[in-house]
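Offset between the sequence shown (1-based) and the working numbering: plus 32. Glycine is no exception: its CB is placed at the ideal position from the N, C-alpha and C atoms.
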Amino acid sequence: MDFRSSRSTDPEVDLLFREQIVREASVQFEKKFQFETAPAGTPLPPLETLYRSPPYTVPALQEQKRHLNEVKNRLNDFEISDWHQHTRKRSSLLPILNELRYRIRAEFVTQAFAKLYECVSAYELINTDLRELGSVHLCEAPGAFVTGLNHYIRLNCAPRTQWNWFACTLNPYYEGNCPGNMIPDDRFILHTLDSWCFGADGTGDIMVRENRNAIIRRRQRFPTVHLVTADGSIDCLNVPEEQEERVAKLHLAETVLALSLLSAGQHFVLKMFTLFEHSSVSLLYLLNLCFGELHVFKPCTSKPGNSEVYIVAKYYRQPDGIDQYLELIYTHLQTDENALFEQSTIPDSFLEQLHSCTAHFVRWQTDVIESNIRYYRASDPLEDQRLTIFKQTIMEMFFDRYRITPIRNGERIVHGVKVSEGPNINQKESRGTFNERVQLAATTDANRKERLRSLRERLDYLTLTRQLFQPEAMLNDTPLRGGPENGFHHVQHELAFAIGKPIERVKSSKFALITCVRLLNDTIDLYRTVCSSNDGPLPCASNDPITVTGNTISIAVTGYASITNIAHHEKELFRTIVRTLFQLIQQDCITSPLEHSPATGNDPLELIVENWLPLTQVSVGLLYLLKLYVFKDVEALSPTRIAFRDLRNSGVTNLVGIHDAVLKAYTKASNARPGAAKSVLAIVPITSLLDGGFHYAMLNYNNALCLIFCARLLEEIKRSVV
Ligand SMILES: C[S@@+](CC[C@H](N)C(=O)[O-])C[C@H]1O[C@@H](n2cnc3c(N)ncnc32)[C@H](O)[C@@H]1O
């Protein structure tokens, strides 16, 4: 029946129209597939056959992949922000999130909150009779699975059920992490730091063995782990067709880790995307043998036009000898391109089920994409009306089905702070069409003139659109600790060293916008290319970019571009600052190095640092300590110069103490065993550095200086290239 022509006049048709919508809405909650349970005791493929077979394809699955990609490729010329706006308008997600945020007032609501809630409710993943629960959340920043699970537990379990959790993720504070893979939003993490495990090297990368070991050790604190979630993904916006291969290793690492963490009989939730390649076949087969139930689920709050699905594996069987398998898989997964299981060890019946599963999900997804395309920029009042009713229906069904009501304030995880209202300065943004982004990526390989032009354009754009955060904020806005003349015992309380993988290049920072850091890195890359070609007059590769003249320490911008190990540079800068300060203090005729201020009547002591780009926790920590415990005053004299003034009474003692403690930490880091080389990653807690005005002033200063660095380097490059 064609409702479109007749519904507005005939009430009976109107009813049918609404029933049709209800049917369509119900389907959104039933995007599910369950694999047949393997008979208990079915052995895993023999250990010696693992990673022996070269990669293979399953033709029936490849056919599905081709079909899906054909439909997806029709989107390549749509401007992405425009397209996102269109699909957002059509999506039923927003009304649900709004209800969760404003009526339910749930804690830290994101799409992930809703998806997790669906998985846990739809598959009853929490035994509500238990009085003590344990869960581990892998690849979890910014943390809404955790707040979603808390909400579920508080509504469904007995009051005061004890719940222990910890989470792992690429560390948003580790400046060497690539922002494309990591979610820098730390609004929840900052208030729950003790519940996050960033591994032995501080990166949080679960693909690193010493981090995996650290996570397994941490799990020992829990008697039972009832649920492991793994929501890992990495940015594949520019290579959507390769998404499955790109994330395959991560998903396998998550699974191997989950199987080491989970207690027998308990459950695992894993995010995956398409399931066409041998990597997915092996992974799902492994789960099929290891669990009593294996489901694939697309929550109604997962964007219906993407390939995201959740694998829900229930009742962990913990097969005998599983640890040997996990160890072997983890050893191979990074480097071995072979298939985990030989195709011959996977029963046809399993492949047939997988085929049927992917066929369902591909159909659901392509239907949505096609209808989104149909209504793109089309004005259709009837469709708008249908959509309004559809969204309202889904929203009502969602709350009926999952019975979500508010919890008490005291039952939230974070008390006294509204997590969602905290600053999230580095929000993800994508502009342009897919084809434009591919072209932009290609300019990385383009000739130097083209790269120079593209970098100049980005610099102009950022300079023009640069926003100031709390413009009145100043570097002096550090909290007052322990009174105005705080002695060294206060500094000692403030110091907190983190040790981990040395940072070679700053790729992200809490103290600058990622767009600025990225532009600086791209500019430095071009600068180095031009330098290494040796045909220009560039003043490259000065080994030591730090020079001292009088009371001014200066960092050469071109020298900065040649630094290949930021950790090393920071240590040198720290030493230079301390050495210079001691010299200045001596010159100021301070007779006793302890507990004296400069002779009254002299000009107050002043130290100037020029072109200091403090992007890391170590640098910002040093600046913070100098301000709080050594000098009374710090000021950005200009966009490139920071001045420290007016020594505190206990400034010298504090400086000696800080110097000794920091050097001791560096020595400890260099002696750290076992594992790879280590360095100091932080000298004060991150919570101190992200405290109010000081943080915003640091952001504003660094953003401006990043752009100045870029402008200077581009000038140098221009002289050589043009
Ligand atoms: C979609 S987000 C997770 C969202 C989260 N479940 C929530 O509820 O807010 C994907 C996460 O995977 C993490 N990730 C990606 N690669 C990782 C790796 N190698 N090790 C650890 N975490 C990783 C990223 O840091 C990111 O936080």
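Residue of the options minimising C-alpha distance to residue i
{"i": "N735", "options": "Y317, L657, V662, W644", "result": "W644"}
{"i": "V773", "options": "I674, L657, V666", "result": "No statement about residue 773 is possible, as the shown extent of the chain runs from 33 to 754 and does not include it."}
{"i": "R137", "options": "I421, I401, E443, Y83", "result": "E443"}
{"i": "S702", "options": "D576, K63, I531", "result": "I531"}
{"i": "E504", "options": "L731, E274, V54", "result": "L731"}
{"i": "V103", "options": "V610, F726, W396", "result": "W396"}
{"i": "K126", "options": "G212, A72, A146", "result": "Sequence inspection shows Leu at residue 126; the Lys mentioned does not correspond to that position. Of the listed residues, the one whose Cα sits closest to L126 is A146."}
{"i": "I749", "options": "S711, R483, I595", "result": "R483"}
{"i": "I617", "options": "I578, A588, T579, S682", "result": "S682"}
{"i": "H691", "options": "S711, I715, A709", "result": "I715"}
{"i": "F254", "options": "P671, W228, F329, F198", "result": "F198"}
{"i": "T333", "options": "Y149, Y698, H118", "result": "Y149"}
{"i": "L170", "options": "S314, L647, R251", "result": "R251"}
{"i": "P174", "options": "L157, R186, T142", "result": "T142"}
{"i": "I238", "options": "V288, E277, L225", "result": "V288"}
{"i": "V523", "options": "K659, F61, E489, C210", "result": "K659"}
{"i": "I640", "options": "N583, L654, D267", "result": "N583"}
{"i": "L745", "options": "G591, D226, F501, N105", "result": "G591"}
{"i": "C229", "options": "E172, A176, A280", "result": "E172"}
{"i": "A588", "options": "R673, D416, Q66", "result": "R673"}
{"i": "E642", "options": "I609, Q649, T648", "result": "I609"}
{"i": "F15", "options": "E384, E242, P87", "result": "The question about residue 15 has no answer here: the residues shown for the chain are numbered 33 through 754."}
{"i": "S339", "options": "D399, A285, R680, H299", "result": "D399"}
{"i": "L202", "options": "L414, N108, K539, A743", "result": "K539"}
{"i": "R490", "options": "H525, M429, D554", "result": "D554"}
{"i": "H392", "options": "L360, F501, D576, Q60", "result": "Q60"}
{"i": "Q502", "options": "P86, Q424, R55, F726", "result": "F726"}
{"i": "N577", "options": "L558, S403, E604, V328", "result": "Asn is not the amino acid found at residue 577; the sequence shown has Pro there. Minimum Cα distance to P577 is reached at E604."}
{"i": "V152", "options": "E286, R433, A709", "result": "R433"}
{"i": "N404", "options": "H447, C210, K121", "result": "K121"}
Distance between residue j and residue i (C-alpha atoms, nearest Å)
{"i": "L291", "j": "Y362", "result": "12 Å"}
{"i": "D34", "j": "I421", "result": "Only weak support is given to the placement of D34: the predicted model assigns it a pLDDT of 45, under 50, and the value that follows is read from those uncertain coordinates. Straight-line Cα distance between these residues: approximately 17 Å."}
{"i": "I401", "j": "V240", "result": "37 Å"}
{"i": "G633", "j": "D665", "result": "Unreliable placement is indicated for G633, whose pLDDT of 49 sits below 50; the coordinate value is still reported in the next sentence. C-alpha separation (whole angstroms): 18 Å."}
{"i": "P75", "j": "L294", "result": "20 Å"}
{"i": "T437", "j": "L737", "result": "48 Å"}
{"i": "A345", "j": "R84", "result": "27 Å"}
{"i": "S234", "j": "I439", "result": "It is Gly, not Ser, that sits at residue 234 in the sequence shown. Answer to the nearest angstrom: the Cα atoms are 34 Å apart."}
{"i": "L600", "j": "R537", "result": "Note on identity: in this sequence residue 600 is His, with Leu being the wrong assignment. When rounded, the distance between both Cα atoms is 11 Å."}
{"i": "L507", "j": "F663", "result": "12 Å"}
{"i": "E369", "j": "L282", "result": "14 Å"}
{"i": "Q619", "j": "Y206", "result": "39 Å"}
{"i": "P105", "j": "T390", "result": "According to the sequence displayed, residue 105 carries Asn and not Pro. Approximately 19 Å between the Cα atoms of the pair."}
{"i": "V394", "j": "Q96", "result": "7 Å"}
{"i": "V45", "j": "R435", "result": "31 Å"}
{"i": "V753", "j": "E747", "result": "10 Å"}
{"i": "L552", "j": "G724", "result": "26 Å"}
{"i": "L215", "j": "F305", "result": "A small correction: the amino acid at residue 215 is Ile; Leu does not occupy that position in the sequence shown. Taking the straight line from one Cα to the other gives about 18 Å."}
{"i": "S629", "j": "I535", "result": "Only weak support exists for where S629 lies, its pLDDT of 48 falling under 50; the value from the coordinates is given anyway. Straight-line Cα distance between these residues: approximately 37 Å."}
{"i": "N196", "j": "L165", "result": "6 Å"}
{"i": "Y661", "j": "R680", "result": "7 Å"}
{"i": "A246", "j": "R705", "result": "14 Å"}
{"i": "L654", "j": "Y733", "result": "16 Å"}
{"i": "G231", "j": "T224", "result": "16 Å"}
{"i": "Q117", "j": "F373", "result": "42 Å"}
{"i": "F382", "j": "E277", "result": "21 Å"}
{"i": "L613", "j": "G208", "result": "30 Å"}
{"i": "A280", "j": "V341", "result": "14 Å"}
Below-7 Å beta-carbon distance, residue i vs any chain C residue
{"i": "R435", "result": "Chain labels in this structure do not include chain C; a single protein chain is all it has."}
Check: residue i C-beta below 6 Å from any heavy atom of ligand 3
{"i": "N213", "result": "No copy of ligand 3 occurs in the structure displayed; its ligands are ligand 1 alone."}
Nearest-angstrom beta carbon gap, residue j and residue i [assumed within contact, 8 Å]
{"i": "R480", "j": "T561", "result": "7 Å"}
{"i": "V652", "j": "F543", "result": "5 Å"}
{"i": "T596", "j": "S586", "result": "Contact doesn't hold; Cβ gap of about 20 Å is too wide."}
{"i": "K330", "j": "K63", "result": "4 Å"}
{"i": "P204", "j": "I546", "result": "Actually they do not touch by this definition, with Cβ atoms about 11 Å apart."}
Please determine if the region 154-166 and the region 182-191 are in contact, where contact requires at least 3 C-beta pairs separated by less than 8 Å. Output reads yes: the region 182-191 touches the region 154-166.
Contact between the region 489-497 and the region 681-698 is defined here as three or more beta-carbon pairs at a separation below 8 Å; is this criterion met?
Not touching, per the Cβ criterion.
Between the region 215-231 and the region 441-457, are three or more C-beta pairs nearer than 8 Å?
Three or more pairs of CB atoms, one per stretch, sit closer than 8 Å, so the region 215-231 contacts the region 441-457.
ask   = When the Cβ atoms of the region 264-277 are set against those of the region 173-184, are three or more pairs found closer than 8 Å?
value = In this structure the region 264-277 does not touch the region 173-184; the number of beta carbon pairs closer than 8 Å is below three.
With three or more C-beta pairs closer than 8 Å as the rule, is the region 345-354 touching the region 316-330? In short, these stretches touch, since the Cβ pair count reaches three.
**Request:** Would you check if the region 50-70 and the region 302-312 touch, i.e. whether three or more CB-CB distances between them fall below 8 Å?
**Result:** The region 302-312 vs the region 50-70: no contact.
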